Amino acid sequence: MIRINKLTNKQANIKIKNSYIRTMNLLRKLLFPFAILYGWITSARNFLFDVGFLKSRSFSIPVIAVGNLSVGGTGKTPQIEYLIRLLSDKYKIATLSRGYKRKSEGFVLADAKVTSEILGDEPYQFFQKFPQIQVAVDANRVNGIEQLLSESNKPEVILLDDAFQHRKVKAGFYIMLTAYDDLFCDDFMLPTGNLREVRSGVNRANMIVVTKCPGNIVSEKMNEIRKKIEDYLKVDIPILFSYIDYDDCVYSENEKISVTDFQVVDKLVVSGIAKPEPFFAYLQAVKKSTMVFPDHHNFSENDIKTILDTANERKIVTTEKDFVRLKGKLPVDQLYYLPIKSSFVTSSDEFNKKILEYVGASTRNS
-4 MIRINKLTNK QANIKIKNSY IRTMNLLRKL LFPFAILYGW ITSARNFLFD VGFLKSRSFS
56 IPVIAVGNLS VGGTGKTPQI EYLIRLLSDK YKIATLSRGY KRKSEGFVLA DAKVTSEILG
116 DEPYQFFQKF PQIQVAVDAN RVNGIEQLLS ESNKPEVILL DDAFQHRKVK AGFYIMLTAY
176 DDLFCDDFML PTGNLREVRS GVNRANMIVV TKCPGNIVSE KMNEIRKKIE DYLKVDIPIL
236 FSYIDYDDCV YSENEKISVT DFQVVDKLVV SGIAKPEPFF AYLQAVKKST MVFPDHHNFS
296 ENDIKTILDT ANERKIVTTE KDFVRLKGKL PVDQLYYLPI KSSFVTSSDE FNKKILEYVG
356 ASTRNS
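Sequential numbering of the sequence shown, starting at -4, is according to our numbering.
As structure tokens, this is what we get:
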């Protein structure tokens, strides 16, 4: 008699996932020579900018660039939103992004006619949340800034989203983000690792923020991380720590429900962001009631049908970034989102002081 072992669907999925991870890890190791080559190329490019052979453009108004050394989610969007909240009561603010995966080209300044497809999900989120600011997209950051400054209602401060490697613009202040569970100092160059450039690029920063920390991180752990980062610094750069702070409520277009009440609701949790596990955990979502899509995913008609079929008339909750792409495609009374914001672990005073001093001095000089 032959005994046949039958895997459950869950076991089969785990086996496939583990096999995929092993294959990808092996592939990354095999591509190590290309990582070395890529590191040389990016280092040479940075050197040419540093010595002035390749030109960087400076501007007379304060320009703050937020970015990172690695690919993947480090929390740039909540950091930009933090800066908007800090500065928009005192200054006319504009954000300038590439507009990742947008279905438009060139310079676009948000107005009442734009959609998330035209602007990109993150810029459209800025536009929806902060009607008092200007939101623009342009892959050519120099052209984008020139276009903003040619407007009759030109901004007094420009925030560049994901612009740490955009050396053609010389920002006045650089904020470099690195994620707590994926520190740049523990990483390696693409394609073996996730770094866009060598670790020494951190020295262009005016401030480093370790993002996505546990809310209860202890001072000993922060000191340990600070020391690891300082090994790559040539000058003294402030190193701060932040965490993702979730809202107490989820929102639809028509109502809000406390997270405490929503946690016990039978729901479907949908995510199209990098590293969605903390989002799922906060909503106490069991794995069988979650759907994961790639970061910045453009939801197709088939995706929408799959989501609705899986939800089976249950409430659907998603991230704020995904909400702007799902809005209008799913029933209004069924779709909710959970806002997030960036908060500093100890105090925001040092961060706020540095930014306000830079902007104030630059505005007076301009």
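Don't be surprised by glycine CBs; every beta carbon is placed ideally from N, CA and C.
Here the structure is a predicted model, which means the values were calculated and not measured.
- Taking a cut-off of 8 Å for Cβ pairs, the stretch 35 to 47 and the stretch 120 to 140 do not touch, as fewer than three such pairs fall below it.
- In this structure, residue 167 places its C-beta atom within 7 Å of the C-beta atom of residue 57.
- Put simply, the stretch 60 to 67 does not touch the stretch 314 to 332. Fewer than three CB pairs are less than 8 Å apart.
- Less than 7 Å separates the beta-carbon of residue 335 from that of residue 241.
- Per DSSP, reduced to three states, the secondary structure at residue 339 is strand.
- Here residue 170 is not near residue 54, since their CB atoms are 7 Å or more apart.
- In the three-state reduction of the DSSP assignment, residue 69 falls in the coil class, being assigned neither a helical nor a strand state.
- Residue 149 has no beta-bridge partner at all, per DSSP.
- Counting the other Cβ atoms within 10 Å of the Cβ of residue 32 gives fewer than 16, which makes it exposed.
- In terms of Cβ geometry, residue 232 and residue 154 do not form a close pair [threshold 7 Å].
- Within the same chain, 57, 59, 167, 168 and 201 come within 8 Å of residue 353 by CB-CB distance, once the 5 residues on both sides are set aside.
- Following the DSSP letters along the chain, one finds residue 235 inside the beta strand (DSSP E) bounded by residues 234 to 241.
- Taken through DSSP and simplified to helix, strand or coil, residue 62 comes out as strand.
- From the listed residues 86, 102 and 69, the smallest Cα separation to residue 149 is found for 86.
- If you look at residue 316, you'll find it isn't in any beta strand (DSSP E); it sits in the alpha helix (DSSP H) that goes 315 to 321.
- With a contact defined as Cβ atoms closer than 8 Å, residue 204 and residue 228 miss out at about 14 Å.
- Every beta strand (DSSP E) of 3 residues or more that sits fully in the stretch 76 to 102 is shown, in chain order, as 88 to 92.
- Counted as a single uninterrupted DSSP element, the alpha helix (DSSP H) harbouring residue 217 occupies residues 214 to 225.
- Here residue 30 is near residue 187, since their CB atoms are less than 7 Å apart.
- Unbroken beta strand (DSSP E) runs of no fewer than 3 residues, entirely contained in the stretch 100 to 186, are found at 129 to 132, 152 to 156 and 168 to 174, following chain order.
- Beyond the five residues adjoining it in sequence on each side, residue 280 comes within less than 8 Å, by CB distance, of 262 and 264 in the same chain, given in chain order.
- For residue 38, the enclosing alpha helix (DSSP H) covers residues 27 to 45.
- Under the rule that a run must span 4 or more residues, the alpha helix (DSSP H) segments found entirely inside the stretch 242 to 308 read 254 to 258, 272 to 277 and 296 to 306.
- Closest in alpha carbon position to residue 82, among 49, 125 and 96, is 125.
- 7 Å or more divides the Cβ of residue 156 from the Cβ of residue 51.
- One alpha carbon belongs to residue 207, the other to residue 272, and they sit about 12 Å apart.
- Assigned with DSSP and collapsed to three states, residue 49 falls in coil, not helix or strand.
- DSSP places residue 204 inside the beta strand (DSSP E), whose first and last residues are 202 to 206.
- Judged by DSSP secondary structure, residue 330 falls within the beta strand (DSSP E) whose first and last residues are 330 to 333.
- Listed as beta-bridge partners of residue 312 by DSSP are 264 and 331.
- Annotation: residue 193 to residue 129 spans about 33 Å, alpha carbon to alpha carbon.
- Judged by beta-carbon spacing, residue 77 lies beyond the 7 Å limit of residue 291, meaning their Cβ atoms are not closer than that value.
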